[in-house]
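Take any residue in the sequence shown, count from 1 to its spot, add 703: that is its number in my numbering.
Note that the Cβ used here is the ideal one computed from N, Cα and C, for glycine as well.
Some notes on the structure that comes next.
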Amino acid sequence: MKTALFVLGHVSRNAAEEGVALSDADLQAMDTLSTAAGVDANVLLACEARVTHGRKPGIRLIRAERERLLTEINNSAADFVVAFGPVAVAALWNKAGMKSRGLREKLHTLPGIDKPVWVTFSLEE
């Protein structure tokens, strides 16, 4: 069975109040997606900063965590990466204001990442 690495943009809405980085709804959505695709999935946050409280982090926060993100991706045993939404895309491409629409459903190779990358909608969509 293939293994995917799901890269989410940031901590879930209300994470600070709930004391967890990912909500039950996020975990359920990822479980549904991985089961439907027939893959084992691991999860990685592009930006772990809880100060965002579920709001989109700015590019400074995203870039501050980019080295950690790339290291964790390259050290993972995943066969491929799936980036969910604009924050994950900004982190992987190291560019602010990128729209993920034109990148969706295409195979990407990125400098600094040793795995194929796919881009898709946010978990909610």
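Scan the stretch 710-791 and note each continuous beta strand (DSSP E) run of 3 residues or more that stays entirely inside, going in chain order. 743-750, 783-787
Does residue 795 come out as helix, strand or coil in the three-state DSSP assignment? Here residue 795 refers to the residue found at position 92 when the sequence shown is read from its first residue. Residue 795: helix per DSSP, three-state reduction.
Would you call the stretch 734-753 and the stretch 796-814 in contact, with 3 or more CB pairs under 8 Å? no
I need the boundaries of the beta strand (DSSP E) containing residue 823, first residue and last residue. By one-based count along the sequence shown, residue 823 stands at place 120. Element bounds for residue 823: 820-823.
Under a Cβ-count criterion, where at least 16 other Cβ atoms within 10 Å of its own Cβ denotes burial, should residue 786 be classed as buried or exposed? Taking the sequence shown and counting its residues from 1, the one referred to as residue 786 is at position 83. Buried, by the Cβ-count rule.
Ignore the nearest five residues each way along the sequence and tell me which others in residue 788's own chain have a CB closer than 6 Å to its CB. Numbered from its first residue, the sequence shown carries residue 788 at position 85. The answer, listed in chain order, is 712, 825.
What number of angstroms, rounded off, separates the C-alpha of residue 808 from the C-alpha of residue 821? Within the sequence shown, residue 808 is the residue found at index 105, counting from 1. Within the sequence shown, residue 821 is the residue found at index 118, counting from 1. Whole-angstrom Cα-Cα distance: 6 Å.
Would you report the Cα separation of residue 706 and residue 742, rounded to the nearest angstrom? Here residue 706 refers to the residue found at position 3 when the sequence shown is read from its first residue. Here residue 742 refers to the residue found at position 39 when the sequence shown is read from its first residue. Whole-angstrom Cα-Cα distance: 5 Å.
Name the one or two DSSP bridge partners that residue 812 has. Indexing the sequence shown from 1 puts residue 812 at position 109. Residue 812 pairs with nothing; no bridge assigned.
Buried or exposed: where does residue 760 fall if 16 or more other Cβ atoms within 10 Å of its Cβ makes it buried? Indexing the sequence shown from 1 puts residue 760 at position 57. So residue 760 ends up on the buried side.
How would you call residue 817, buried or exposed, if buried means at least 16 neighbouring beta carbons within 10 angstroms? Mapped onto the sequence shown, residue 817 falls at position 114. Looking at its Cβ environment, which holds fewer than 16 other Cβ atoms inside 10 Å, residue 817 is exposed.
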